[in-house]
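Numbering (the numbering used here), first residue to last: 1 to 470.
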Amino acid sequence: MIMLNKFLLPLLLAGSLCAQPLQTMQDKIVADGVADRAGYDFLGRLCDDFGGRLTGSPNNRDALARTVAELKAIGVEARLEPFTMPGWVRGDDEAVMLTPIVRRLRVASLSYTQPHEPFEAEVVDIHDGREEDFAGLAAAGKIGLLAANTSVPRGQYETAALKHGVRGILFIDREGGGQLLARTGSFVGEPLRLPIYSITQEEGLWIGRLLQRHQPVRVRLTTRSHCEQAETANIVVCFPGRNADTIIVGAHFDSWDLGQGATDNGLGTAQLFALAKLLKNHAPQNLRTIELVWFNGEEQGLWGSRHHAPLTRGRPVATMLNLDMVGYPLSVNALGYDELLPVLQRFAASMPKERLREGVTNINWFGSDHTSFQLEGIPSITFGAHIDREVVRYYHDLGDTFDKSDPKMISESTATITALVYRLANEPGLSVKRHTSTETLELFRKFDLEKRLRSVGLWPAENPPPAKTP
Ligand SMILES: [Zn+2]
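Dropping the structure here:
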């Protein structure tokens, strides 16, 4: 008993002394975060002064410089972390219907589409683009019309189309209303082997109906879009802690070029900005080090995070929190890392119920920058969140503009996010342990992500092995 007391008492005392100020500061951060419009105002300037932030474009470069300057103005020193990646420049994309009527169609080429001379061809419906969809089709020399909701990965439908002599593809948009979904053609940045254009749902379905009636449709295609190496950078801010254990908080800075990238991912870009301000004002020094990173090149294949994550090898990184289109937070997601559950549950319990109605979830998914850190064995976190359907439907489209942004959503979400970051940076008992590559593969398999990662060339076995645990 005496022995126990001797050891336990100081720990208990330290625990209770520690928990109280933590909660007090966390509540202060939330109150100030909710009342501050810094993130929203910053996002308005970023969107309207620079438009879309396609990586490697002059707009993206100027927006990077502005962000660094605006951080400096609020007393936060930021540095650029340069890297190169396979870039892509959008030129004029043109698709004209010639038969049965003459009409310019609304299209946008997929990134990594290469320029080509104009050519005219008949359109043929290739449905989902599976090998079996080509059976009995006379597709040679024609333009393939690809279904909106195909689950066939680009590499696969492109290969099947090429094999059957298809010269170009029109990919029907999954959202109606004349929208165009800009998207990447290749996660590994290889030039596409044939031109692929996103076409509006309305015009795509129109062509599909004509084809069903055996009415010939002829289209002329051409584009000046082209691949070009991009010299770009991430932005990094560091709040050194009392020890080197690090919490990384990231959001992708780049967007597609059609709109302004206000929601995808101006939202995360603004949250990270407002988070920097809150930390600077309330908690510039914490137990652990906090590193904020605005990633470039996410939309074209997670390039910025794939550059940054390996740079952390040998450093004690406790966790990575990814902010990609986090609206009103509903839950905090441990992405399959069971060891994070206790700290996240304590965090959820420390917040008013309405701030995190669904508590803690634990589901891994693929498609944003956290994957790059997971591939390095770093336990990662994100939020489950709500954005109105009428806002989120415009992502990657011309309609992803600042008028859709909601000041309350940005302030409220930033308050919750900053509270979590503060807690992660100060709670005792957060371990720093990277997963081995075997454990990482198991985690992806457990959530049925192997096929997806393989199809985009990111399955770990095809990459250099992740670093060993520091
Ligand atoms: Zn995004």
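Idealized CB from N, CA, C, for every residue including glycine. Being a predicted model, the structure only gives us computed values, none of them experimental.
Here's a check: name, in chain order, each residue in its chain whose Cβ is nearer than 7 Å to the Cβ of residue i, leaving out the five neighbours to either side.
i      : result
Gly51  : Asn59 and Gln260
Gln345 : Val360
Gly75  : Lys280
Ala139 : Val124, Ile126, His164, Gly165 and Val166
Thr246 : Arg288, Thr289, Glu291, Arg315, Pro316, Val317 and Ala318
Gln229 : Thr84, Pro86 and Gly87
Phe134 : Ile126, Ala160 and His164
Asn243 : Leu287 and Arg288
Ile207 : Val123, Leu145 and Val217
Which residues share a DSSP beta bridge with residue i?
i      : result
His226 : Val89
His116 : Thr223
Thr84  : Glu231
Met97  : Arg103 and Val219
Ala251 : Trp294
Asn333 : Thr361 and Thr382
Cys47  : DSSP lists no partner for Cys47.
Tyr328 : His386
Phe187 : DSSP lists no partner for Phe187.
Ile196 : Ile169
Ala477 : In this structure the chain extends from 1 to 470, so residue 477 is not present and cannot be described.
Check residue i in the structure and name its three-state DSSP category.
i      : result
Ala140 : coil
Leu320 : Correcting the residue type first, residue 320 is Met in the shown sequence and not Leu. Of the three classes helix, strand and coil, the one that applies to Met320 here is strand, per DSSP.
Val217 : coil
Arg79  : strand
Tyr40  : helix
Leu258 : coil
Val456 : coil
His396 : coil
Trp294 : strand
Thr289 : strand
His435 : coil
Arg127 : Arg is not the amino acid found at residue 127; the sequence shown has His there. Here His127 sits in strand by DSSP.
Glu354 : helix
Val68  : helix
Thr440 : helix
Ser411 : helix
Ala73  : helix
Ser372 : helix
Ala108 : strand
Leu146 : strand
Thr418 : helix
What number of angstroms, rounded off, separates the C-alpha of residue i from the C-alpha of residue j?
i      : j      : result
Val249 : Asn149 : 33 Å
Lys472 : Ser57  : One cannot answer for residue 472 here, as it falls past the ends of the chain, which runs 1 to 470.
Ala276 : His282 : 10 Å
Thr55  : Gly297 : 5 Å
Gln215 : Phe295 : 47 Å
Val332 : His386 : 12 Å
His486 : Leu80  : In this structure the chain extends from 1 to 470, so residue 486 is not present and cannot be described.
Ala349 : Asp32  : 20 Å
Gly429 : Thr312 : 21 Å
Tyr395 : Arg423 : 31 Å
Ala38  : Leu272 : 11 Å
Met85  : Gly457 : 15 Å
Glu450 : Phe366 : 10 Å
Leu375 : Thr440 : 7 Å
Gln23  : His226 : 53 Å
His308 : Ser411 : 28 Å
Arg434 : Pro284 : 26 Å
Arg355 : Asn286 : 24 Å
Leu330 : Arg103 : 45 Å
Pro379 : Thr269 : 22 Å
Trp256 : Gln20  : 44 Å
Arg306 : Gly185 : 18 Å
Asp369 : Leu321 : 10 Å
State yes or no: is the C-beta of residue i nearer than 6 Å to some heavy atom of ligand 1?
i      : result
Asp133 : no
Asp397 : no
Asp400 : no
Asn265 : yes
Asp324 : yes
Please list, in chain order, all residues of the same chain as residue i whose beta carbon is under 8 Å from its beta carbon, the five residues on each side excluded.
i      : result
Tyr197 : Asp93, Ala95, Val107, Ala108, Ser109, Leu110, Thr113, Gly168, Ile169, Leu170, Phe171, Leu221 and Thr223
Ala63  : Leu46, Asp49, Phe50, Arg53 and Phe253
Ala65  : none
Lys446 : Gly336 and Asn364
Leu98  : Glu120, Arg218, Val219 and Arg220
Thr263 : Met325, Ile387, Val391, Val392, Tyr394, Tyr395, Asp400, Lys404 and Ser405
Val34  : Ser411, Glu412 and Ala415
Is the CB of residue i under 7 Å away from at least one CB in chain B?
i      : result
Pro284 : In the structure shown, chain B does not exist; there is a single protein chain.
Take residue i and list the residues in its own chain whose beta-carbon comes closer than 6 Å to its own, dropping the five residues that flank it on each side.
i      : result
Arg130 : Val152
Thr232 : Thr55, Gly56 and Asn296
Does the beta-carbon of residue i, which I'm using as the reference point, lie nearer than 6 Å to any heavy atom of ligand 2?
i      : result
Asn333 : Ligand 2 is not among the ligands present in this structure, which contains only ligand 1.
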